Each structure stands twice: as structure tokens, then as C-alpha cells.
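Colleague: According to our numbering, the sequence shown is numbered sequentially starting from 13.
Sharing a structure with you now.
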Amino acid sequence: MNRRLSTLALLAAASLGLTALPAAAQPWPTKPIRIVLQFPPGGATDSVARILAQSMSATLGQPVLVDNRPGADGAIAGDFVARAEPDGHTFFLASNTPMMQVPLLKKHPPYDPVKSFTPVSLVGRYVYVMVSTPAVPAKTVAELLAYARANPGKLGYGSYSGVTQLMHTQLQLVKVDTTLVPYKGEAPTVTDILGNHVQFTFATPASTLGHIKEGKLRALAVLLPTRSSLLPNVPTGAEAGLPPFTAGTWAALFGPAKLPPEITQRMNRELNAAMQRPEVREKINALGFELGGSTPDEMVAFLHDQLLAWGRAFRDAGMTAE
Numbered sequence: 013m014n015r016r017l018s019t020l021a022l023l024a025a026a027s028l029g030l031t032a033l034p035a036a037a038q039p040w041p042t043k044p045i046r047i048v049l050q051f052p053p054g055g056a057t058d059s060v061a062r063i064l065a066q067s068m069s070a071t072l073g074q075p076v077l078v079d080n081r082p083g084a085d086g087a088i089a090g091d092f093v094a095r096a097e098p099d100g101h102t103f104f105l106a107s108n109t110p111m112m113q114v115p116l117l118k119k120h121p122p123y124d125p126v127k128s129f130t131p132v133s134l135v136g137r138y139v140y141v142m143v144s145t146p147a148v149p150a151k152t153v154a155e156l157l158a159y160a161r162a163n164p165g166k167l168g169y170g171s172y173s174g175v176t177q178l179m180h181t182q183l184q185l186v187k188v189d190t191t192l193v194p195y196k197g198e199a200p201t202v203t204d205i206l207g208n209h210v211q212f213t214f215a216t217p218a219s220t221l222g223h224i225k226e227g228k229l230r231a232l233a234v235l236l237p238t239r240s241s242l243l244p245n246v247p248t249g250a251e252a253g254l255p256p257f258t259a260g261t262w263a264a265l266f267g268p269a270k271l272p273p274e275i276t277q278r279m280n281r282e283l284n285a286a287m288q289r290p291e292v293r294e295k296i297n298a299l300g301f302e303l304g305g306s307t308p309d310e311m312v313a314f315l316h317d318q319l320l321a322w323g324r325a326f327r328d329a330g331m332t333a334e
């Protein structure tokens, strides 16, 4: 993985500035625009995508549609976009999982995160909450970890992304033995925790906040440097005693490789304008998702930094390509 990480990081650094190259103007968009997601309907990213799509549809003059293609840690969605025509009508609203975990932890990834895509803009960062079913006799992280150590393999941990898989690995490093149960998305994971089929996970406020307020889920910690305004009484991971987690959890918009620069810039402007509209910000903030745009070149630099950070996190956790 070290050689692959170095190559990916160098490619990302080398591509800085390439998004501003001139090209002949062309009419765009000429048909509906598709935003592909790696998640099934119902999760935080799906909600964010639909809010932004609705806002951009009004200004682009064409419908912006959300296309859910879950599975394979986002590789199915990523491969679909990587193979799409670079005509500005297919984009990938990707989390860090398909852009970091797939290329760094798969021996034969179906795409390259740098060479197969055109970065358009950072969309924002996720807030993750450690939640458990009240059926587990633990009201704090310390109590949950103590219960897991006293009952090896009894607790089921729902995993649906690179973040959740990595957190499970880090829990194993501190001698916590739980059973990893893979899911295709956040929404079905939370549903199974509500039914006590698995007992805990890390999930976003979009899928958990209502259940937390109703007492159907127990919030144990938030993966943020400071406490969340949505859950001010819930400690941060550091306060609760969780292992440190420094790699970013984010979402960004990508087009296929060789997307014309004028389309990249126009889509960047439309997306960032949508993210600044008060009604959009209000809806998305309520999901516990922190909006934050960028220029295309800033997104290239961000991708480079994240490849390095995630590579370190995977190495520290002892995770290698399979």
C-alpha cells in the first residue's frame, strides 16, 4: 500500500492547476444531470444530495437527478462515473470511502481516485455519533467497552463505510472484541440497531437524532474536536475515551476524468451558490452535515492531503490491501 499511496499522492499534487486549462465553449447542460451516490436512499448523503439537486435544478435549467448505486464500499458507483462520458451530465457525490478505502485497500481497484475523476468541489464534512441500542447495559463509552471486554464477541457492530470499518479496527487495537456485521448503507444499519439485531455503530445525526431524542438510541460520543450543537450533552470521542481518529470524513463532487474545464468551473459555481442559499443551509445543517465548498484546485489539494492522512490511518490500524 505504501507504493500505491505515494503514487496517488504524487498524481494528485501534479494535477494542481489542471482544472483551469482553456477549452472551447460548448452548450451545457443539454439534458438532465445525474448525481450518482454510493448509498441507498434514506441516509445523510442521500438527503444532502437531494437538497442540493433541487436547488441547482432551478438555476441550471435542467433537472438534477439523484441516482443511488450502493454496494462494494462505493466502488459500484465510482466505477459507473469513472466510465461515464465526460460531457458534464454525470457526477459522483462521493464520501471518503470510495475515494480512500477502495483504492488503498483493494489490490485491484476498478478506478484510480486521481486519474479516473475530475474534482469539482468539496461539499462538506460528516458528523458521526457513536450510538447503541438501549438494550445494552451501558450509558457511556467506558461502560460499553467494559461490557464488550467482559462479553467477547457478544456485541454486534454495524459497519457500512470506510470510517465505520476503521473505527472497528481501532477498537480491536484497544482489546475490544465485537462482531463486525457489514451493511450496504447507513439507513439499514440504524434500522437493525433499533431492532437490536446489532448493538452499536457510528452514524450521522440525519439517521439517528430523532431516535436519540425519543430514547430509542443512546448517543455515547461524537467524532468531532468539540461538542456538537445538535447534541451538546454528548461528549466528544476524546472526552469519552475513544481511540484518536484524525483522517477526515467528508463528501465531495467529482466528474469523470477529462471533464471540460468550463463545465467543471460552471458546476463548481452552481454547487457553491446552492450551498450558500439560506434555505439549503438550514435544511442541511439540521442533518448534522457541515457544509464547506472549495474551488476545483482546492479540491485537488484536499484529495492529496486526504490520501496521505488515510494511508497513515490504515497503516496505523494494520489494514492492508486485500
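For every residue, glycine included, the Cβ atom is placed at its ideal position computed from N, Cα and C.
All values derive from a computational prediction rather than experimental measurement.
Threonine 213 by DSSP, collapsed to three states: which one?
Modeller: Three-state result, threonine 213: strand.
Colleague: Does the Cβ-Cβ distance between threonine 9 and threonine 213 come in under 7 Å?
Modeller: The structure shown has nothing for residue 9, since the chain only spans 13 to 334.
Colleague: Using 7 Å as the threshold, is the C-beta distance between alanine 286 and serine 67 below it?
Modeller: In contact: alanine 286 and serine 67 (Cβ atoms closer than 7 Å).
Colleague: If you measure between the beta carbons of glycine 174 and glutamine 113, is that distance less than 7 Å?
Modeller: Going by C-beta atoms, glycine 174 is nearer than 7 Å to glutamine 113.
Colleague: So what's phenylalanine 51 in DSSP terms, helix, strand or just coil?
Modeller: Phenylalanine 51: coil per DSSP, three-state reduction.
Colleague: Can you tell which of Thr220, Leu283, Leu192 has its C-alpha closest to the C-alpha of proline 71?
Modeller: Reading off the sequence shown, one finds threonine at residue 71, where the question assumed proline. Nearest option by C-alpha distance: Leu283.
Colleague: Does the region 224-243 come close enough to the region 80-98 to have 3 or more Cβ pairs within less than 8 Å?
Modeller: Too few Cβ pairs lie closer than 8 Å, so no.
Colleague: Look at the Cβ atom of threonine 145, then the Cβ atom of leucine 167, and state whether they are nearer than 7 Å.
Modeller: Not closer than 7 Å, so no.
Colleague: Taking 8 Å as the limit between beta carbons, can you name the residues of its chain near glutamine 74, skipping five residues before and five after?
Modeller: Around glutamine 74: Pro41, Thr42, Lys43, Pro44, Ile45.
Colleague: I want to know whether the region 130-146 touches the region 297-311 - three or more CB-CB distances under 8 Å.
Modeller: These segments touch.
Colleague: Can you tell me whether DSSP reads valine 312 as helix, strand or coil?
Modeller: Looking at valine 312 - three-state DSSP - the assignment turns out to be helix.
Colleague: Of the choices Val78, Ser240, His223, whose alpha-carbon is the least far from that of phenylalanine 51?
Modeller: That would be Val78, whose Cα lies nearest to the Cα of phenylalanine 51.
Colleague: Ignore the nearest five residues each way along the sequence and tell me which others in isoleucine 224's own chain have a CB closer than 6 Å to its CB.
Modeller: Within the same chain, isoleucine 224 has close Cβ partners Ala231.
Colleague: Assign alanine 333 to one of three DSSP states: helix, strand, or coil.
Modeller: Alanine 333: coil per DSSP, three-state reduction.
Colleague: Could you pull out every residue in the same chain whose Cβ sits closer than 6 Å to the Cβ of methionine 9, ignoring the five residues on either side in sequence?
Modeller: What is shown of the chain runs 13 to 334, which leaves residue 9 out entirely.
Colleague: Counting along the chain, where does the alpha helix (DSSP H) carrying methionine 179 start and finish?
Modeller: Looking at the DSSP string, the run of the alpha helix (DSSP H) that includes methionine 179 is 174-185.
Colleague: Rounding to the nearest angstrom, what Cα-Cα distance links leucine 157 and asparagine 163 in this structure?
Modeller: Answer to the nearest angstrom: the Cα atoms are 10 Å apart.
Colleague: Suppose you measure from the CA of threonine 216 to the CA of alanine 61; what does that come to, to the nearest Å?
Modeller: Near 15 Å, if we compare the C-alpha coordinates of alanine 61 and threonine 216.
Colleague: By Cβ distance below 8 Å, which residues in the same chain neighbour threonine 109 in space, the five residues on each side in sequence not counted?
Modeller: Within the same chain, threonine 109 has close Cβ partners Gln50, Asp85, Gly86, Ser173, Gly174, Val175.
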